[in-house]
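Here the structure comes first, spelled out in structure tokens, and everything after it is commentary.
There are 2 protein chains.
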Amino acid sequence: MDHDKKSQQTETMLGDMPVTEFRKVGHQLVDWVADYLEHVDERPVLPGVKPGDVRRSLPSEPPHKPERMEDIVADVDRFIMPGVTHWNHPRFHAYFNSTASSPGILAEFLSAALNVNGMVWQSCPAVTELEEVALDWLRQMLGLPGQFSGVIYDTASTSTLHGIAMAREALEDLRTREEGLAGRPEVPRLRAYISEFAHSSVEKAIITLGFGMNAVRKIPVDDKFRMKIPELEAAIAEDRKNGVRPFCVVATVGTTSCTSIDPVPAIADVCEREHLWLHVDAAYGGSAAIIPEMRYILDGCERADSLVVNPHKWMFVPVDLSAFYTRSPDILRRAFSLVPEYLRTSHDNAARNLMDYGVPLGRRFRALKLWFVIRYFGWDGLADRLRDHLRLAKQFAGWVSAHPSFELLAPVDFGTVCFRAHPHGMTDEQALNTLNERLLHATNGRRETFLSHTKLGGMYTLRIAIGHIQTRDSHVQSTWELVQRELKNLLATA
Amino acid sequence: MDHDKKSQQTETMLGDMPVTEFRKVGHQLVDWVADYLEHVDERPVLPGVKPGDVRRSLPSEPPHKPERMEDIVADVDRFIMPGVTHWNHPRFHAYFNSTASSPGILAEFLSAALNVNGMVWQSCPAVTELEEVALDWLRQMLGLPGQFSGVIYDTASTSTLHGIAMAREALEDLRTREEGLAGRPEVPRLRAYISEFAHSSVEKAIITLGFGMNAVRKIPVDDKFRMKIPELEAAIAEDRKNGVRPFCVVATVGTTSCTSIDPVPAIADVCEREHLWLHVDAAYGGSAAIIPEMRYILDGCERADSLVVNPHKWMFVPVDLSAFYTRSPDILRRAFSLVPEYLRTSHDNAARNLMDYGVPLGRRFRALKLWFVIRYFGWDGLADRLRDHLRLAKQFAGWVSAHPSFELLAPVDFGTVCFRAHPHGMTDEQALNTLNERLLHATNGRRETFLSHTKLGGMYTLRIAIGHIQTRDSHVQSTWELVQRELKNLLATA
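Right, dumping it as structure tokens:
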């Protein structure tokens, strides 16, 4: 008996946190998160720290002895929160914003507790099969044909890497999976075509895959920042003439700079005629296709070979969840399947092993949060929320257009507005750029709203992305008022 | 007033889940998770479903209308849990097991609520700086020198991809970042060396990066499954003679098959002499180095160019968190930095932008869970828990060795034991393989424990990985009893 008691004590000293403590701290954290969500818009969206502040506030050496949870949680408030940029804030309008909606947060909590790893079907059947179900729901919502099948990656960068890796694998005669690209006189230089406005992740993927940055040819855009088809055709013809082998076009639905939409149907025509892989980056814009009257933005995408949409951008799913679709899962599998003995299972012929479809072997239970979010809000509820963002963006664009000292710099197709200050009589572009850069910093410097910027036709451009689930008229309006006020200040002190 | 009321109603209809509901469901889920953690060992570790069962239990079309959280949560119990393999179960002994400890789960919950994305410093200073702090703590715990700096990726596969991409970037004369590998007569075939026992992710990385599978040369192992140095040297010499350019060696500390440890100091000598990149895959084994008397397993790794350790494998951090270290962060940055205008910030010279160090642009707040886990258990507490797993593994190995019908098939350096049934007088290897394969399926078929397998020297080998934070003597003992019982059954019915 004594021995049993002692062994039990030892077990308690090792092991995990006692469940009673987990329960207590867990309840406290639910209230912490609820309070955070309820009052996040009263916080400054941007932190006031300088580089190194957070780091310097923390011990530089790990603790040898255990610390108490209440101290750890208190330190989150004292040292971590002051360094947090509040992505889950209704006035976070930079980049493409992202919402962790409540059902998504709760699903992530469950997913962390289950801690499953869906590398093969057997290692967690529910991961594999719920991923199939949730991605097929999303496929239907996006209006993509049934032959598209999906797989979840962490980010659009990773999805695009896989799309272009498939384009390489599709060049069957080159046998690059076995032989690679190097030291082979029979392999020509290869070329991928993107618009000047494609996301930097496409170039990063091209570099990573061993094609080199020079394998990317950037096609000029028209006055609405869309890839020019005649220029694409001319580039392909010129490359072929020079012994360079075209293999891939990446089109974008909702470019990061200004949310322009490449003419996918015409690009698909070119790809079909030229036998090129078509990858569509709809990471941001794609979500809007779940709104019936916006479905047109994916016109032509049914002919894409691969396509990425990020529910963690504009569908209220916490980061990270990037949905990758392809009409040729067999090519994806051919490119990435490698099954060592220790991962063979007796189900390999009957079930899908998701590790065969990409670089990462491990796989969190990400589908759970997508499934929770779709069910809790419903397709119609999600569409209503996105529609409201479109309304707010149009409204903001209207304010900009109507104002004598501001101007719109790009069409507004989604929830993002590109604009700049352009006071009457100010014509020097250099001075305008300086003014707008100062305007951005002055506005963000108030820490009440977070805008980002880009350059369009050489013009320094302010961007407001409206896409947080809690963003209301009042938030957008106060940002607009702030921008006007800061411009007045700048012009007054100039 | 009426207008305000109506507008408020509309706002409620859109927006997120009401905070009162979040609070209610959140508290329910904390209790759900607490109950799960308290009683997980009473569940079968393996699910009873067949391929397609989970999928067929769920609607094939997305709901148009919102559903109630209580129905969604109820469906987790009804349809998802029956398809879950319980990785967070103390008798999950397959692959390398993984624990979501309570502080790790709670940190993930916070991380999902904050939903920050640390692509650049400005987009969330706390993500960048806590990642630096937590990875530097871990570096100290692993006994790596101060010039190693770290970055978090999702999985070891991704970490290894980045290590080998760095090896390519280090071949400065080839300028592959700009020019790529294809269509260049001046670029020879390239070669990477791994042991026969290296993880399949190394080959996957080599394929992904455009070298082709044939760029991998597998070096034979000695009787302890460690890379043979003379064979490595001979392979390099032969390749050089044939005009193939060696560029990289991947050594493993804790191979997936049998946890063998390549002779890193001798490999480092070869790499130094031959000017080859040395990447060390210590994804599993590395964690053990936090135990002072086990630090020797990383001997020589201070000379590695890059190294990966996975706290989500054997340091009680929920998936996914892979820690990647390098002595040359400048090369990693050179390989992956690409900064478009919309991601330029005024802090770019003063702060580190983590997007510059890898393929994914987006970055969850993963450091939080590592920081929580190290603080809650303390370095000593983590070491004590790992030490206990080593004790349990030695104990299991002792039982195997002492049993007349079983034998050990590999040295036991960590928490994993490779063994097989070998009844007295049974000498036919084919029959032994069949017997052990049937033994594995019979044992796992009870769903009380989950073992996996590998092949060692042609022998079908059972593997038990002991590494869950809640695994106690009783769990290991009951698995051992079950294996013996199943062997008896098989031999009786044979």
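Line by line, the protein sequences give chains A and B. If you number the first sequence the way the working numbering does, the last residue is 497 and the count never jumps. If you number the second sequence the way the working numbering does, the last residue is 497 and the count never jumps. Where is the CB? At the ideal position from N, CA and C, for every residue including glycine. Values in this document were obtained by computation on a predicted structure and should not be read as measured data.
- Within the segment 133-148 of chain B, the residues whose Cβ lies closer than 8 Å to some Cβ of chain A are LEU133, GLU135, VAL136, ASP139, TRP140, LEU141, GLN143 and MET144, listed in chain order.
- Under the 10 Å beta carbon count, GLN433/B is surrounded by fewer than 16 other beta carbons and is classified as exposed.
- Closest in C-alpha terms to ASN439/A, from the list ARG450/A, PRO426/A and ARG449/A, comes PRO426/A.
- Under the three-state reduction of DSSP, PHE250/A is assigned to strand.
- In this structure, DSSP gives PHE82/B a helical state, which the three-state scheme calls helix.
- The CB of VAL154/A never comes closer than 7 Å to any CB in chain B; the least such distance is about 14 Å.
- Scanning the segment 263-288 of chain B from its first residue to its last, the whole alpha helix (DSSP H) runs of 4-plus residues come out as 267-277.
- Only residues of its own chain outside the window of five on either side were considered, and among them VAL267 and PRO268 have a CB closer than 8 Å to the CB of ASP302/B, listed in chain order.
- In this structure, SER105/B lies away from MET122/A, with their beta-carbon atoms at least 8 Å apart.
- Among the bridge pairs identified by DSSP, PHE327/B is matched with VAL154/B and VAL311/B.
- Within chain B, PRO65, PRO66, HIS67, LYS68, PRO69 and GLU70 have C-beta atoms less than 9 Å from the C-beta of GLY381/A, given in sequence order.
- With a cutoff of 8 Å on beta-carbon distance, GLY257/A and GLY213/A are scored as not near each other.
- When C-alpha distances from GLN31/A are compared across GLU451/A, CYS127/A and GLU73/A, the shortest belongs to GLU73/A.
- With contacts defined by Cβ atoms closer than 8 Å, ASN313/A and ALA159/A form a contacting pair.
- PHE151/A is positioned such that its CB atom lies closer than 8 Å to that of ARG330/A.
- If one requires a minimum length of 3 residues, the beta strand (DSSP E) runs lying completely within the segment 155-199 of chain A are 193-198, in chain order.
- Under the three-state reduction of DSSP, CYS421/B is assigned to strand.
- Residue burial is scored here from C-beta neighbours: GLY51/B has fewer than 16 other C-beta atoms within 10 angstroms and is therefore classed as exposed.
- Taking TYR379/A as the centre and dropping the five residues before and after it, the same chain places the C-beta of PRO106 closer than 7 Å to its C-beta, in chain order.
- Exposure of PRO223/B is indicated by the presence of fewer than 16 other C-beta atoms within 10 angstroms of its C-beta.
- Here ARG220/A is bridged, per DSSP, to TYR196/A.
- Ranking SER60/A, GLU175/A and GLY166/A by CA distance to the CA of SER204/A puts GLY166/A first.
- Between SER455/B and chain A, the shortest Cβ-Cβ separation is below 8 Å.
- The alpha-carbon of MET462/B is positioned some 6 Å away from that of ASN436/B.
- For LEU465/B, no chain A residue has a Cβ inside 8 Å of its Cβ, as the nearest lies near 11 Å away.
- Close to PRO188/B, with beta-carbon spacing below 7 Å, are these residues of chain A in chain order: PRO188.
- For ILE334/B, there is no enclosing beta strand (DSSP E); the residue is found in the alpha helix (DSSP H) stretching over 332-339.
- With its beta carbon less than 8 Å from one in chain A, MET216/B belongs to the interface.
- Taking a C-beta distance under 8 Å as the contact criterion, ILE469/B and GLY418/B qualify as a contact pair.
- Distance from the Cα of VAL273/A is smallest, within the candidate group THR211/A, THR259/A, ALA238/A and ALA292/A, for ALA238/A.
- Distance from LEU310/A to VAL362/B at the Cβ level is roughly 19 Å; contact not present, criterion being Cβ atoms closer than 8 Å.
- Within chain B, no C-beta atom comes less than 7 Å from the C-beta of PRO332/A; the nearest is roughly 16 Å away.
- A straight line joining the alpha-carbon of MET216/A with that of GLU277/A spans about 22 Å.
- One Cα belongs to LEU335/B, the other to TYR360/B, and the distance between them is close to 6 Å.
- Between ALA37/A and GLY29/B, the C-beta gap is smaller than 8 Å, which places the two residues in contact.
- Under the Cβ criterion of 8 Å, THR419/A is not counted among the residues facing chain B.
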